[in-house]
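Please read the structure below before turning to the comments.
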Amino acid sequence: MGLPQENRWRNQKTGEEGRHHVDESVLQKAFKEAVRKAGLLKRATCHRLRHSSATHLLEHGYGIRTVQELLGHNDVRTTMIYTHVLNRGGRGVKSPADTL
203 MGLPQENRWR
213 NQKTGEEGRH
223 HVDESVLQKA
233 FKEAVRKAGL
243 LKRATCHRLR
253 HSSATHLLEH
263 GYGIRTVQEL
273 LGHNDVRTTM
283 IYTHVLNRGG
293 RGVKSPADTL
């Protein structure tokens, strides 16, 4: 999880500043509360949101390496799991020209 906290720290020797990362549970709690407030009936989790985001990026033509970088995967084979959407016959990724 790479979300920074608002509180900053400063290294007294170098003067370098930075922010600590928000704990994963903070994001999960906020997401769970947003799902509750939205009245969603389907089970929604941060992991499913991440998976859906990657899938939609691929469906809309983003390159596998771009998605790999966004997800923080070291190995492209991990990202390749999301390419199942590309292999659905006529129901897979469509060309932008198809919507013209």
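Residue numbers (the numbering used here): 203 to 302. Virtual Cβ for every residue (Gly too), placed ideally from N, Cα, C. Just so it is clear, the structure is predicted and the values come from calculations on it, not from any experiment.
Using three-state DSSP, classify residue i as helix, strand or coil.
i      : result
Arg210 : strand
His275 : coil
His262 : coil
Ala246 : coil
Gly204 : Note on Gly204: pLDDT 46, under 50, position unreliable in the model; no value is reported.
Leu288 : helix
Leu302 : coil
Quick one: Cα of residue i to Cα of residue j, how far?
i      : j      : result
Val224 : Gly263 : 31 angstroms
Arg279 : Thr301 : 31 angstroms
Tyr284 : Gln214 : 45 angstroms
Gly241 : His253 : 21 angstroms
Glu219 : Leu251 : 31 angstroms
Arg210 : Gly217 : 12 angstroms
Is the distance from the Cβ of residue i to the Cβ of residue j below 8 angstroms?
i      : j      : result
Leu288 : Leu243 : no
Thr281 : His275 : yes
Gln270 : Cys248 : no
Glu273 : Ala256 : Reading the sequence as shown, one finds Leu at residue 273 and not Glu. The answer is yes: Cβ separation under 8 angstroms.
In this structure, what does DSSP give as the bridge partners for residue i?
i      : result
Gly220 : Trp211
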